[in-house]
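Numbering (the UniProt record's numbering), first residue to last: 1 to 321. Ideal Cβ positions, reconstructed from N, Cα and C, are used throughout, including at glycine.
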């Protein structure tokens with residue numbers, strides 16, 4: 001779909017309305033780069049109050065990216081939003097990153113979207129553009145995100161919604177679950193960019209299938225499999241994740257040839273402590289060369305040299321279907 005023509009007068013009017021209401025940063029971004037946010041026939045923007053971003057040292061491109069997450073390719077007046085039930089989702093300009101209605105009180109005209117209160121409803125309404133100001137960002141922006149060039153959309157923590165745009169898992173409900181966003185960021189910043197991107201691309205499916213996953217063990221290396229078809233990529237990633245946290249010393253104390261289940265259904269990994277005179281830990285015949293390169297209370301990541309056995313079988317299985 002070609003980008004819609006930019007109505008300069010509409011942009012000027014919207015920017016002025018934002019500035020008059022205290023959304024100076026968002027007003028400037030909209031004025032400088034309107035094509036980034038107004039690429040669809042209709043748009044609803046939820047700008048963030050300046051006070052919520054005053055202490056953040058995000059680069060301009062990241063703020064543009066964040067504003068894209070605060071923009072929906074659908075047109076909503078406040079009355080439309082108040083009619084949405086709690087738990088309903090709608091899309092944003094970030095692919096596969098939705099937002100959800102987390103509180104709605106129609107009589108009081110109170111609305112929260114992804115836990116951010118709509119403080120300035122119908123701030124600007126003109127043509128195919130609606131703007132509603134919110135008090136804070138839809139996604140938690142932690143202080144741990146420093147290497148912005150590597151994380152891109154990994155730092156956008158979005159609710160999980162199903163194909164009918166109904167909320168499956170809220171961000172707040174998963175605070176005590178596996179810290180997937182942190183895992184993806186750490187993988188990327190430690191040089192495992194390919195695996196980080198692959199994990200991020202199949203994460204929604206993992207979250208839907210494993211809603212009560214509190215800890216994981218990940219086996220990684222810097223290998224290129226992103227060109228694989230999506231079903232293959234999903235199976236590759238799941239094969240390299242255990243639904244439990246296992247340290248290197250715990251592997252050593254497991255019975256010889258112990259089988260451990262993975263996130264890939266019906267596929268297990270065989271653990272051997274010491275092979276061919278080596279003192280190392282071998283997973284499906286592949287040695288862990290750098291144990292516990294990244295670890296927390298909820299997850300642990302081990303590095304190995306090459307792909308597990310069965311990987312070629314998985315790829316062949318997909319190509320033959």
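inquiry  = Quick check on the burial criterion: 16 or more other C-beta atoms within 10 angstroms. Buried or exposed for residue 67?
reply    = buried
ask   = Among 77, 82, 99, which has the Cα closest to the Cα of residue 131?
value = 77
request  = Verify whether the separation of the beta carbon atoms of residue 215 and residue 244 is less than 8 angstroms.
outcome  = yes
ask   = Going along the chain, which unbroken runs of the alpha helix (DSSP H) with 4 or more residues stay wholly within the stretch 235 to 306?
value = 248 to 252
query = For residue 206, which of 181, 193, 192 has the nearest alpha-carbon?
reply = 181
inquiry  = In the DSSP output, which residue or residues are listed as bridge partners for residue 133?
reply    = 120
inquiry  = Which same chain residues end up closer than 7 angstroms to residue 53 when comparing Cβ atoms and leaving out the 5 residues on each side of it in sequence?
reply    = 25
For residue 143, three-class secondary structure by DSSP = Low per-residue confidence applies at residue 143: pLDDT is 38, beneath 50, and the placement is therefore not dependable enough to give any value.
task = Using only alpha-carbon positions, find the residue among 79, 117, 302 that is nearest to residue 106.
result = 79
message = Going by beta-carbon coordinates alone, are residue 41 and residue 98 separated by less than 8 angstroms?
response = no
ask   = What does DSSP give as the partner residues of residue 91 in its beta bridges?
value = 98
task = Any chance you could list the alpha helix (DSSP H) runs of at least 4 consecutive residues sitting entirely within the stretch 10 to 85, in chain order?
result = 24 to 32, 34 to 37, 60 to 69, 78 to 82
message = Helix, strand or coil for residue 222? Go by DSSP, reduced to three states.
response = coil
query = How is residue 163 classed by DSSP in three states: helix, strand or coil?
reply = coil
inquiry  = Using 8 angstroms as the threshold, is the C-beta distance between residue 135 and residue 111 below it?
reply    = no
ask   = So, residue 119 versus residue 73, is the Cβ gap smaller than 8 angstroms?
value = no
key: Sheet register partners of residue 112 (DSSP bridge)   = 103, 117
request  = Specify whether the stretch 180 to 195 and the stretch 252 to 266 touch according to this definition: at least 3 beta carbon pairs, one from each stretch, less than 8 angstroms apart.
outcome  = no
message = Only counting the same chain, and skipping five residues up and downstream in sequence, which positions put a Cβ closer than 8 angstroms to that of residue 209?
response = 263
query = What is the DSSP secondary structure of residue 187, counted as helix, strand or coil?
reply = helix
inquiry  = On the CB-based measure, 16 or more other CB atoms within 10 Å of its CB, does residue 85 come out buried or exposed?
reply    = exposed
request  = Quick one: measure Cβ to Cβ for residue 14 and residue 29, integer angstroms, because I've assumed they're closer than 8 angstroms.
outcome  = Their Cβ separation, rounded to whole angstroms, is 11 angstroms, which puts residue 14 and residue 29 out of contact at 8 angstroms.
key: Whole-Å CB distance - residue 246 paired with residue 300, under 8 angstroms assumed   = 7 angstroms
query = According to the Cβ coordinates, are residue 355 and residue 70 closer than 8 angstroms?
reply = What is shown of the chain runs 1 to 321, which leaves residue 355 out entirely.
Residue(s) in a DSSP beta bridge with residue 202 = BP columns for residue 202 are empty, so no partner.
request  = Using alpha carbons as the reference points, say which of 282, 234, 232 lies closest to residue 254.
outcome  = 282
key: Pairwise C-alpha distance: residue 8 and residue 213   = 49 angstroms
request  = Measure from the alpha carbon of residue 87 to the alpha carbon of each residue in 198, 93, 16, 167, then state which is nearest.
outcome  = 167
query = residue 285 to residue 219, Cα distance in whole Å?
reply = 13 angstroms
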